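Read top to bottom, the protein sequences are chains C and Z. Our numbering numbers the first residue of the first sequence as 54 and each following residue consecutively. Our numbering numbers the first residue of the second sequence as 876 and each following residue consecutively. Just so it is clear, CB atoms sit at the ideal spot from N, CA and C, and this is done for glycine as well. It should be emphasised that the depicted structure is a prediction, and the values quoted were computed from it without experimental measurement. Worksheet: one structure, shown below.
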Amino acid sequence: MAEFIDVLQQGYMQRAIMAGLLVGVTCPAIGLYLVLRRLSLIGDGFGHLSFAGVAAGWLWGIYPLFTAAAFAMLGAIVIEKLRTWRREYSDLALAIVFYSGIALGVVFAGLSRHLNVNLLGYLFGSILTVSDFDLLVIGGASILVLATLSLLEKEFFALAYDEDGARVAGLPVTVLNHLVLLLAALTVVAALRVVGIVLVAGLLVIPVAASLQLGRGFRGTRTWAMVFGGGSALLGLMASYLLDIAPGGTIILTSILVFIVAGAAREIAGLVQRRA
Amino acid sequence: MKSSHTALQLDRISFQFGSNLVLEDVSLEVRPGEFIVLLGPNGAGKSTLIRLIVGLLRPNAGEINLFGTPIGRFKDWPRIGYVPQLTSTRPGFPATVDEVVASGRTGKRGLLRRLTHVDRVRIDSALDAAGVAPFRDRLISNLSGGQHQRVMLARALAGEPELLLLDEPAAGVDAATKGELLRILKGLCEAQGIAVVYVSHDWETLRPFATKAAWLDRRLLFFGSWEDMDEGGNIRQLGEIMAASEHFRHEEQ
């Protein structure tokens, strides 16, 4: 433990903690809207699109998170168009966009000869190698997402609860729908260095699933989801260091453990209530 | 024909889904304080008409005017309240009654603006008017169908609407709750001059509350007072059609 306290003084660990906390709190904050709109798996798709962006960054010599953000956000606009264009085939359209992303990523990575070098770091996260600039980008993206969610809290709630009702109330539903997906895409890009392309969707939805077990109102559910997300990132990082295992996977496994504990607590509370 | 004294004016509205003509040449006018019940058998186009009025669908022909303004140019949407069918609700959604009712102020307050003390007062009034204040902190997922629809009414009232459109709000709700909902609506019409358009199959329960009936079956077959309906012998015919429709609905279920 003394060794762990010692490592906390190290710059790389401080950056990892900051990045983990920022991403851990931001992912479920936007993830809640995705879960409530039954778009839980869309984060996976943004991960695929980001992969194409990261590989394009390697190929063109641009900072990979910037190109990842461009690809994911462009994908978000295309997805929203496809979702509203032919609703009956929307899942098929999403699948085509997502596989286009991963296929482009493989081709770009091959062309840039980075297929084996940096790939694992982006696929499964590399939180301990987060640089000062990475942290600045992650922090900027997280603050932008959280500030937008806070400013448009009542509009996003009305949209999530009843899209038709929001439209009748005169809200710009199309703009807000695009904005939710754009914020989700940006969040996924911010989380790439922490948990990686493959696992990023987990951090968007698993803390939300845990929070839903508590049976709170909207604000309570959102607050607990953010606490669970941030807590999972910190505990996961700590566990990965102490057990010498992969941090990205450990963070997601920690969030799953939190979900299981929350679910069990709900069952026990229900049993106690029925007996009382 | 346009009048600023009308809350709603439909002028020869037609609408079709693909090749299926759902509404044909429908014209009617609703004034402030009127309580209109929109009757008709299954598939008559009642819900479609409500969705056209609230701007969720666009007519193929005809003109809709809200408070004297063509719907395409109408911007004052908080003046319109909408209570959807119970089937369009969200089971398991993590929100309290208070949070859902407060969302009814969103359009009124405007984008990016926080709710103020005045909004809070209106939300409290809406909770009281719909009789849901005692369980304002409960999760909506824990409410009965009737309680949920009263919450949806409170959400609509929180926006201080002048025209309230309700799409079969009491379908599947017990008779006592339905009666309570209708008394609340009648009170709002009389006290605040809100115009109400209420879609229903149940014309007998609605009769003591509604000032006029509109009978729709793709075309508007009748629109006027209950007395006019009695005189023309329409009421007997309506009863037969509605009974047949109810029978058909039960058979389907």
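Supposed close pair residue i, residue j - CB separation, criterion 8 angstroms
| i | j | result |
| --- | --- | --- |
| leucine 883 of chain Z | alanine 1070 of chain Z | 7 angstroms |
| glycine 339 of chain C | glycine 100 of chain C | Chain C is shown from 54 up to 329; residue 339 of chain C falls before or after that span and cannot be answered. |
| leucine 229 of chain C | glutamate 208 of chain C | 6 angstroms |
| leucine 924 of chain Z | arginine 1093 of chain Z | Going by Cβ atoms, the distance from leucine 924 of chain Z to arginine 1093 of chain Z rounds to 10 angstroms, so no, they are not a contact pair. |
| phenylalanine 161 of chain C | leucine 118 of chain C | So it is not a contact: roughly 15 angstroms between Cβ atoms. |
| threonine 120 of chain C | glycine 106 of chain C | 4 angstroms |
| alanine 919 of chain Z | leucine 1091 of chain Z | 5 angstroms |
| leucine 1028 of chain Z | glycine 270 of chain C | Rounded, the Cβ-Cβ distance is 20 angstroms, inconsistent with contact. |
| isoleucine 336 of chain C | leucine 290 of chain C | Absent from the structure is residue 336 of chain C, since the part of chain C shown begins at 54 and ends at 329. |
| isoleucine 955 of chain Z | proline 1036 of chain Z | 6 angstroms |
| lysine 983 of chain Z | proline 959 of chain Z | The pair is not a contact, with the Cβ atoms about 19 angstroms apart (cut-off 8 angstroms). |
| arginine 965 of chain Z | tyrosine 65 of chain C | Contact flag wrong, Cβ pair sits at about 44 angstroms. |
| alanine 211 of chain C | leucine 202 of chain C | Contact flag wrong, Cβ pair sits at about 14 angstroms. |
| valine 258 of chain C | glycine 178 of chain C | The Cβ separation is near 17 angstroms, so there is no contact. |
| valine 901 of chain Z | valine 972 of chain Z | Contact flag wrong, Cβ pair sits at about 36 angstroms. |
| leucine 267 of chain C | tryptophan 277 of chain C | 6 angstroms |
| alanine 237 of chain C | alanine 129 of chain C | 7 angstroms |
| glycine 302 of chain C | leucine 252 of chain C | 7 angstroms |
Residue-level contact to chain C via CB, residue i, 8 angstroms cutoff
| i | result |
| --- | --- |
| arginine 1011 of chain Z | no |
| threonine 1052 of chain Z | no |
| threonine 1086 of chain Z | no |
| phenylalanine 1129 of chain Z | Past the boundaries of the shown model lies residue 1129 of chain Z; chain Z is included only from 876 to 1128, so the question cannot be answered. |
| glycine 1141 of chain Z | There is simply no residue 1141 of chain Z to check, as chain Z begins at 876 and stops at 1128 in what is shown. |
| glycine 1062 of chain Z | no |
| phenylalanine 1130 of chain Z | Since the first residue of chain Z shown is 876 and the last is 1128, residue 1130 of chain Z is not available in this structure. |
| lysine 877 of chain Z | Note on lysine 877 of chain Z: pLDDT 46, under 50, position unreliable in the model; no value is reported. |
| aspartate 1105 of chain Z | no |
| threonine 971 of chain Z | yes |
| tryptophan 1090 of chain Z | no |
| threonine 981 of chain Z | yes |
Below-8 angstroms beta-carbon distance, residue i vs any chain Z residue
| i | result |
| --- | --- |
| arginine 220 of chain C | yes |
| threonine 274 of chain C | yes |
| glycine 84 of chain C | no |
| alanine 211 of chain C | yes |
| glutamate 141 of chain C | no |
| glycine 268 of chain C | yes |
| glycine 223 of chain C | yes |
| tyrosine 65 of chain C | no |
| lysine 40 of chain C | In the structure displayed, chain C extends from 54 to 329; residue 40 of chain C sits before or after that span and is not available. |
| phenylalanine 271 of chain C | yes |
Extent of the continuous alpha helix (DSSP H) to which residue i belongs
| i | result |
| --- | --- |
| leucine 188 of chain C | 185-204 |
| phenylalanine 271 of chain C | 271-296 |
| valine 929 of chain Z | Premise fails: valine 929 of chain Z is in no alpha helix (DSSP H) and is neither H nor E. |
| asparagine 895 of chain Z | Counting along the chain, asparagine 895 of chain Z falls outside any alpha helix (DSSP H), though it belongs to the beta strand (DSSP E) covering 895-905. |
| leucine 147 of chain C | 143-165 |
| alanine 1070 of chain Z | Per DSSP, alanine 1070 of chain Z belongs to no alpha helix (DSSP H); it is in the beta strand (DSSP E), 1070-1074. |
| isoleucine 305 of chain C | 300-328 |
Distance, residue j Cα to residue i Cα
| i | j | result |
| --- | --- | --- |
| isoleucine 911 of chain Z | glycine 1068 of chain Z | 13 angstroms |
| leucine 961 of chain Z | valine 975 of chain Z | 15 angstroms |
| glutamate 904 of chain Z | leucine 913 of chain Z | 12 angstroms |
| phenylalanine 83 of chain C | threonine 307 of chain C | Reading off the sequence, residue 83 of chain C comes out as isoleucine, not phenylalanine. C-alpha separation (whole angstroms): 20 angstroms. |
| methionine 126 of chain C | leucine 181 of chain C | 26 angstroms |
| valine 131 of chain C | cysteine 80 of chain C | 22 angstroms |
| glycine 899 of chain Z | tryptophan 1078 of chain Z | This sequence places glutamate at residue 899 of chain Z; glycine is not what is there. Rounded to the nearest angstrom, the two C-alpha atoms are 22 angstroms apart. |
| methionine 279 of chain C | arginine 272 of chain C | 11 angstroms |
| glycine 930 of chain Z | valine 150 of chain C | 31 angstroms |
| valine 198 of chain C | threonine 240 of chain C | 7 angstroms |
| phenylalanine 1098 of chain Z | arginine 906 of chain Z | 13 angstroms |
| proline 260 of chain C | alanine 1033 of chain Z | 33 angstroms |
| glycine 316 of chain C | alanine 292 of chain C | 22 angstroms |
| leucine 1039 of chain Z | glycine 1047 of chain Z | 20 angstroms |
| isoleucine 191 of chain C | glycine 73 of chain C | 10 angstroms |
| alanine 1001 of chain Z | serine 1100 of chain Z | 30 angstroms |
| leucine 166 of chain C | alanine 244 of chain C | Residue 166 of chain C is actually arginine in this sequence, not leucine. Cα to Cα, the separation comes out at about 24 angstroms. |
| leucine 324 of chain C | arginine 933 of chain Z | 51 angstroms |
| methionine 876 of chain Z | isoleucine 939 of chain Z | With a pLDDT of 43 at methionine 876 of chain Z, under the threshold of 50, the modelled position of this residue cannot be trusted, and the question is left open. |
| glutamine 62 of chain C | tyrosine 294 of chain C | 14 angstroms |
| aspartate 185 of chain C | arginine 246 of chain C | 12 angstroms |
| alanine 970 of chain Z | proline 1009 of chain Z | 16 angstroms |
| alanine 1089 of chain Z | threonine 881 of chain Z | 16 angstroms |
For residue i, the first and last residue of its enclosing beta strand (DSSP E)
| i | result |
| --- | --- |
| glutamate 938 of chain Z | 936-941 |
| arginine 887 of chain Z | 883-892 |
| tryptophan 1090 of chain Z | 1087-1092 |
| phenylalanine 910 of chain Z | 910-914 |
| valine 958 of chain Z | 955-958 |
beta-carbon residue i near the ligand SAM non-hydrogen atom, thresh 7 angstroms
| i | result |
| --- | --- |
| valine 76 of chain C | By its list of ligands, the structure shown contains no ligand whatsoever, and the ligand SAM lies outside what it can speak to. |
If you pair each beta-carbon of the region 305-322 of chain C with each one of the region 1051-1069 of chain Z, do three or more pairs fall below 8 angstroms? No contact exists between the region 305-322 of chain C and the region 1051-1069 of chain Z.
Pairing CB atoms from the region 133-152 of chain C with CB atoms from the region 188-204 of chain C, are three or more of them under 8 angstroms? no
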